Structure formats: structure tokens, C-alpha cells
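Data block below; observations after.
Number of protein chains: 2
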Amino acid sequence: MKIDPDNKAGLSEQIAEAIREEIVAGRLIVDARLPSEAELADHFAVSRPTVREALKRLAAQALIRTQRGAFGGAFVNRLSYTEAYGQQITTSTLLLSMNEVSFDVACEARYALERACTPLAALRRTPDTLATMRAEIHRQAQPGLTDEAFCASDVAFHRALVDSAGNPVLSYQLAGAVEAMQPLMNMITFTARSRGAIVGLHARIADALERQSAEAAEAALSELEAYTLTLGRDVMAARARAKA
Amino acid sequence: MKIDPDNKAGLSEQIAEAIREEIVAGRLIVDARLPSEAELADHFAVSRPTVREALKRLAAQALIRTQRGAFGGAFVNRLSYTEAYGQQITTSTLLLSMNEVSFDVACEARYALERACTPLAALRRTPDTLATMRAEIHRQAQPGLTDEAFCASDVAFHRALVDSAGNPVLSYQLAGAVEAMQPLMNMITFTARSRGAIVGLHARIADALERQSAEAAEAALSELEAYTLTLGRDVMAARARAKA
DNA sequence: GACGGGCAAAATGTCAGACAATTAAATGTA
DNA sequence: TACATTTAATTGTCTGACATTTTGCCCGTC
Numbered sequence: 001m002k003i004d005p006d007n008k009a010g011l012s013e014q015i016a017e018a019i020r021e022e023i024v025a026g027r028l029i030v031d032a033r034l035p036s037e038a039e040l041a042d043h044f045a046v047s048r049p050t051v052r053e054a055l056k057r058l059a060a061q062a063l064i065r066t067q068r069g070a071f072g073g074a075f076v077n078r079l080s081y082t083e084a085y086g087q088q089i090t091t092s093t094l095l096l097s098m099n100e101v102s103f104d105v106a107c108e109a110r111y112a113l114e115r116a117c118t119p120l121a122a123l124r125r126t127p128d129t130l131a132t133m134r135a136e137i138h139r140q141a142q143p144g145l146t147d148e149a150f151c152a153s154d155v156a157f158h159r160a161l162v163d164s165a166g167n168p169v170l171s172y173q174l175a176g177a178v179e180a181m182q183p184l185m186n187m188i189t190f191t192a193r194s195r196g197a198i199v200g201l202h203a204r205i206a207d208a209l210e211r212q213s214a215e216a217a218e219a220a221l222s223e224l225e226a227y228t229l230t231l232g233r234d235v236m237a238a239r240a241r242a243k244a
Numbered sequence: 001m002k003i004d005p006d007n008k009a010g011l012s013e014q015i016a017e018a019i020r021e022e023i024v025a026g027r028l029i030v031d032a033r034l035p036s037e038a039e040l041a042d043h044f045a046v047s048r049p050t051v052r053e054a055l056k057r058l059a060a061q062a063l064i065r066t067q068r069g070a071f072g073g074a075f076v077n078r079l080s081y082t083e084a085y086g087q088q089i090t091t092s093t094l095l096l097s098m099n100e101v102s103f104d105v106a107c108e109a110r111y112a113l114e115r116a117c118t119p120l121a122a123l124r125r126t127p128d129t130l131a132t133m134r135a136e137i138h139r140q141a142q143p144g145l146t147d148e149a150f151c152a153s154d155v156a157f158h159r160a161l162v163d164s165a166g167n168p169v170l171s172y173q174l175a176g177a178v179e180a181m182q183p184l185m186n187m188i189t190f191t192a193r194s195r196g197a198i199v200g201l202h203a204r205i206a207d208a209l210e211r212q213s214a215e216a217a218e219a220a221l222s223e224l225e226a227y228t229l230t231l232g233r234d235v236m237a238a239r240a241r242a243k244a
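Note that the protein sequences, when read in sequence, are chains A and B.
Heads up, the first sequence is in this note's numbering, so the first residue is 1 and it goes up one at a time.
Heads up, the second sequence is in this note's numbering, so the first residue is 1 and it goes up one at a time.
Here it is, written out as C-alpha cells:
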């Protein structure tokens, strides 16, 4: 590995970057054990706390895992889909909440991506994913549901739709797009009428997938997008009025 | 903020999680200054190195930035699109390289997502993005290009295609899908004939977008997907033969 | 010879204190 | 007022130490 002059980046950051390079370049393969903290400190000519900070940076990105005890140490971590999902979701949520992303733009991105899944979902939907979608539709029709629970169920429905495509990479990519919308959707107060409309469109999507009609599913999805957009715009307009 | 019992998670991880909670819940807003390391250490009743490890975890995820000097400290960072792109790309690349994702699955996901962009790209493509695409096509037609440079240009072309949709959230979501394919594509040896075919399809896509025909662009994209798939399968077959 | 307990070693996790480097505000001076 | 200097606050790093956890090995017993 390379050495570190005293530049402005900070030693621990440089060390973390050097190790990350080793991993992404494949020179450190999955489950390989890194040198111990003391050895790394010696190699990079820094103190152990500095090395530890570097390792914690990598651990925060799930690139390594640490194990205590004899013959423990830091090991290159296999990035599982589950961990990748989590990172994807937190990053997407923060990106949307911190950058004044308009409801319209986020909505457009989400439905564009979901429409990309529908041809594959229509082809490969399983009884399992269809059952999940039906169950969520049923839950959404319950009268006593809070707005938050309704939104959570909405997310679950759309995740099932994405998972129907049977492509884990696609599911991973869309996890952020679907989940990150939830905080924005939570701002909407769903009336009985709007809930009915949404449930109806969800049912149309599920029906279309069941009979493997990608066109019908895409059409219903587009209607849902348009309807969600009007709901969101109403909220924004009401908020603007309250502000003035 | 909450306290930390001595459970198995590790103190620094618990502290990092507690602060992350504060940020995502909005109780710590963008550019807000966190308490100093000494104050945090006092508050959580741990030592300063432990607090520092926690802060480095957050810094690795670009959630905070630190500034030295008087009235410096740790500040909640606005997650920029650029930083989010970077995280998205590294996570996607590692996910693909570490999980034996087949070329077919990755390819399918990528082109499905890109097709989701074409209707918007056809609607909103600018002279700027079109010029970028043309420039990359021209570069790809140069004879002396290495395979790596050809792949890099291919990525640049597809990024321009995605950016044509004019939706930054969409661009962010697709950054991983497009960039993470590059290591897989780099394994392919591009003959003069395959390069010609790809350049031709790229030109057809650019032409279709220029005249705002989403259908033609999607058709060309699908052809490109099919062709890429055959190239990838040839490589896999050759590799299987070499192994046997 | 096999099994089990205890001990030592190795490694990470944490702590305490100190010093260096940096930066912005406060202060002093022309 | 404008500029240079000091000063205080804060992060970055180092040194050294102790605690905790886990593994492997030795050794005694059955």
C-alpha cells in the first residue's frame, strides 16, 4: 500500500482511502483479513487511534467488519443486498430531504423507474408477490388506518411491485426511489375519497400483472402518478396559502 | 440525545447511530453545529477518541463535515448530488463485484432503467446533452482507442442520455446502474465489428432523441441491450471453455 | 487416548492525558 | 480606521495503558 505525506486531507482519511482502493481493486478479496491495527499503524507510520478512525470510516460503509479476540481483526465484508438496500435508502432519503427537491421531480423519478419494472414484472410476477400486493391493498382499504400506516402500506405495495420483476439489482436500485418518497408522502392527508382512488388503481395494477398485461399495468401506474401529483400539488398550494 | 448502556454494539457505533437519528429526524438541521468533541464525550460519558470514532463514521457517509480551529467543529453536511453520486457508484460497484451478479441480470437492470429515461429525455433533451452524446460517439469511432477507453466513453454516452431527462433525482438513481456496469463491460474485448455496431446504435439513439422520438430511442436501446447481452455471453462462454 | 478446564496470547475496545495545528475572534497599535 | 498580533477554542494526532473478548494450547483427569 502507498504512503501518506502530510497533506491537507487528514491522515485517517488517506489511510481509509488507501484501504478502500485495495478493496475495490480486488487486491483485498472478500473475507480477507487486514493486518492488525498495530501492524497498520506501523506500516503507515501513524498511531493506532488514527488507524482506528480510518477503519471506522470503512466500517460505516459496511466495507469491513471487525471481530474481537485472538485471530480477530478487520475483515473485508461481503456487501449484502440487505446492507446495500439500507445505505441506498438512507442516502436517498437524506438527498431528498436536504436539497429542496420538489415533490414533482421526486414523483416523476419514482414512477419513471417503476414503469421500467412493469414489463419484467408482468412477465415474471409470482403468486407470492401477487399475494403481497393483494394483502397490502386489503390493508389500505381498512377504515381506521392512520395516514402514516397508509403510506407505509403504499411503500410495501410498490416494493412488491418492484420485486415482481425478479431482478435483485433492479430491486436494489429502486429501493431508494420508493422508500425515499415516504417522508414526502407522509405530508399528505389522505381523505376517504383519495384513499379509494389509490386503492382502486393499486387493484388495477395487481390485476394487470396477474393477467400479465404490461400495457395495462403501465397505464394504471401513469394514472396513479398523475393522481399522486395532484394530491401533492394540493398540499403545496395549501402550504403556500398558509404561509401568505 | 439518548444514553448508551454497555450492550454489544460498541459505544462508538451507538453514538454514531444516536447522532444519525438526530439528523435524519430533522432535529439537527443542515449547517447546524454539533457540540464539540469534548462536550459530546462528557454528555455520553465516554472518552474523546470514542466520540471521534463515532464522528468519523458519520463523516465517511458525508453526513457531517469537520472544520478545525476556533469556532470550528462538526457541522451537519448538506448531502450534495455529487457526493450522493459517489456513494451510489461505489456501493453499486461493490455490490456487483462481490455477489456474483450475472452479466445478464446487471445488463437487464441497466437497460430497463435507461429505457425509463427515454420518454423524458426525448421531451427535454438539450443541445448541450446532444452535443455530449455526439462527441462521445465520435470518440468511440476513433480506431486507436483501447478497450478501457471505449468503455469509459460508453459510460459517458449513457450518462449523457440519462442526464437528458433533466431530472436530477433520476440521474442520481441511475448513476450506480450505469457506472457499476463498467467493470463488467471492461472484460469484453471489442472487435472493430462490434464497435461499429455499438457506435451505429448510439447514433440511432442520439438521432431519435434529437427528433424527439421516444419510441425510436427505446427501440434502439433495446437492440443495444440485446447486442450487449450477446457480447457478454460470448465472453462468458469463452471463459467457461478456457476453464474446462 | 479422549475429554474438559483453565491459562496465556492476540486482538480489538476504551480510556486518560498531552501536544501540535489551525482558525476566527478579540485586542492592541500605527 | 486599517492592519498586525495575540489569544482562545477546537480538531488532529500521539503515547501509553487497561479492559474485554476470543482462540488455541497445555495439562490433568477419567
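By construction, the Cβ of each residue, glycine as well, lies at the ideal position given by its N, Cα and C atoms.
All values derive from a computational prediction rather than experimental measurement.
Under DSSP, the alpha helix (DSSP H) around residue i begins and ends at which residues?
i: F150/A; result: D147 to D163
i: Q173/B; result: P168 to E179
i: F103/B; result: F103 to R124
i: L231/A; result: A214 to K243
i: G200/A; result: A192 to E210
Nearest-angstrom Cα distance between residue i and residue j?
i: L58/A; j: A226/A; result: 42 angstroms
i: H202/A; j: E210/A; result: 12 angstroms
i: A60/B; j: Q142/A; result: 43 angstroms
i: G26/B; j: S80/B; result: 17 angstroms
i: A206/A; j: H138/A; result: 12 angstroms
i: R195/B; j: Q140/B; result: 8 angstroms
i: T191/A; j: I198/A; result: 11 angstroms
i: N77/A; j: G144/A; result: 44 angstroms
i: V169/A; j: S222/B; result: 18 angstroms
i: G72/A; j: H158/A; result: 41 angstroms
i: A135/B; j: A45/A; result: 46 angstroms
i: V162/B; j: A116/B; result: 9 angstroms
i: A160/A; j: A175/A; result: 11 angstroms
i: N167/A; j: T118/A; result: 12 angstroms
i: D31/B; j: E22/B; result: 13 angstroms
i: Y111/A; j: T66/A; result: 40 angstroms
i: A74/A; j: T126/A; result: 40 angstroms
i: G200/A; j: T228/A; result: 13 angstroms
i: A84/A; j: P35/A; result: 26 angstroms
i: A242/B; j: E114/B; result: 33 angstroms
i: V16/A; j: L40/A; result: Note on identity: in this sequence residue 16/A is Ala, with Val being the wrong assignment. Their Cα atoms are separated by approximately 11 angstroms.
i: S12/A; j: L63/A; result: 16 angstroms
i: T50/A; j: V51/B; result: 13 angstroms
i: A244/A; j: A152/A; result: 32 angstroms
i: L28/B; j: A18/B; result: 11 angstroms
i: D147/A; j: D154/A; result: 10 angstroms
i: R239/A; j: I188/A; result: 11 angstroms
So, with DSSP's three-state summary, where would you put residue i?
i: R33/B; result: strand
i: Q142/B; result: coil
i: M187/B; result: coil
i: L28/A; result: coil
i: A135/B; result: helix
i: A16/A; result: helix
i: E100/A; result: coil
**Asked** If you scan the stretch 39-95 of chain A from start to end, which runs of the beta strand (DSSP E) of 3 or more residues do you find wholly inside it?
**Response** 64-67 and 73-76
Original post:
Is there contact here, the stretch 80-99 of chain A with the stretch 161-180 of chain A, by at least three beta-carbon pairs under 8 angstroms?
Top reply: yes
At a cut of 8 angstroms, does the stretch 104-115 of chain A reach the stretch 223-237 of chain A through at least three beta carbon pairs? yes
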